[in-house]
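Heads up, the thing below is written out as structure tokens.
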Amino acid sequence: VVTSKMFGWLFDGQNGIINYILLHAGLIDQNINWYGSPDTAMMTIIIADVWKTTPFMALLLLTGLQTVPNSLIEAGRMDGAKGWTTFWYIRLPLLMPTLLIAGLFRALDAFRVFDLVYVLTGGGPADSTETLSTLSYKVLFSTLQFGYGSAVSTAMFVTEGIIALVFCLYLIRQIRRAQ
């Protein structure tokens, strides 16, 4: 919620710092209502979501990089491999399981994003930023259609389960192939 409020202030249509910077840089000639237009609302939510989750992804990838044994890097260098060659042929293949897990976490997190959308736009304008999470919330608590809202939530849960299952099966196949 804190990230949502911060980005709400940054991209505010009247007093936001983004409009101020763009106006004074001469890139725009009038304020842009970032959350009031279907063309820009989703883009700003995506920017906020990427900004919010980048540190977690960076920590996951750093952890994955630290698991690469230095002996393999040194052996590659002794065989004549330089920086990019070492990365492409030693580090990246060993980092692939971590990348897949990070991709799974990010896909599932993006699939069920609620806080950013609800705080910044409430799903609008004209439902252009509506996600399944906000739809489920609106149906459950605004229109009190508990059956429909529960069905949306259940479908979302099943879809996330299928996505996770596909990622896990792929990861297991990659691990078996590597052995």
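Take any residue in the sequence shown, count from 1 to its spot, add 236: that is its number in our numbering. Glycine included, every Cβ here is placed at the ideal spot set by N, Cα and C.
Where Ala400 is concerned, the enclosing alpha helix (DSSP H) starts and stops at Phe382 to Ala414. By the neighbour-count definition (other C-beta atoms within 10 Å, threshold 16), Asp285 is a buried residue.
Spatial neighbours of Ala343 in its own chain (CB-CB distance under 7 angstroms, excluding positions within 5 residues in sequence) are listed in chain order as Ile399. One thing to note: Met392 has its Cβ within 8 angstroms of the Cβ of Leu368. In this structure, Ala338 lies away from Leu401, with their beta-carbon atoms at least 8 angstroms apart. Closest in C-alpha terms to Thr334, from the list Trp270, Arg409 and Thr299, comes Thr299.
Counting the other Cβ atoms within 10 Å of the Cβ of Phe350 gives fewer than 16, which makes it exposed. Contact annotation, Lys374 with Gly359: C-beta distance approximately 7 angstroms; criterion of less than 8 angstroms satisfied.
Secondary structure of Glu366 (DSSP, three-state): coil. A direct Cα-to-Cα measurement between Arg313 and Ile326 gives close to 11 angstroms. Per DSSP, the unbroken alpha helix (DSSP H) holding Arg342 starts and ends at Leu328 to Phe347. Judged by DSSP in its simplified three-state form, Leu298 adopts helix. Cβ-Cβ distances below 6 angstroms link Leu259 to nothing in the same chain once the five nearest sequence neighbours on each side are left out. For Trp270, the secondary structure class from DSSP, reduced to helix, strand or coil, is coil.
Taking the CA atoms as reference points, Val237 sits about 7 angstroms from Leu352.
In the DSSP assignment, Trp324 falls outside any alpha helix (DSSP H) and carries neither an H nor an E. In its chain, beyond the 5 residues on either side, Asn255, Asn267, Ile268, Asn269, Trp270, Tyr271 and Gly272 have a beta carbon closer than 8 angstroms to the beta carbon of Gly249.
About 6 angstroms separates the beta carbons of Phe403 and Leu336, which is inside the 8 angstroms limit, making them a contact pair. Boundaries of the alpha helix (DSSP H) harbouring Ala311: Asn306 to Met314, taken from the DSSP string.
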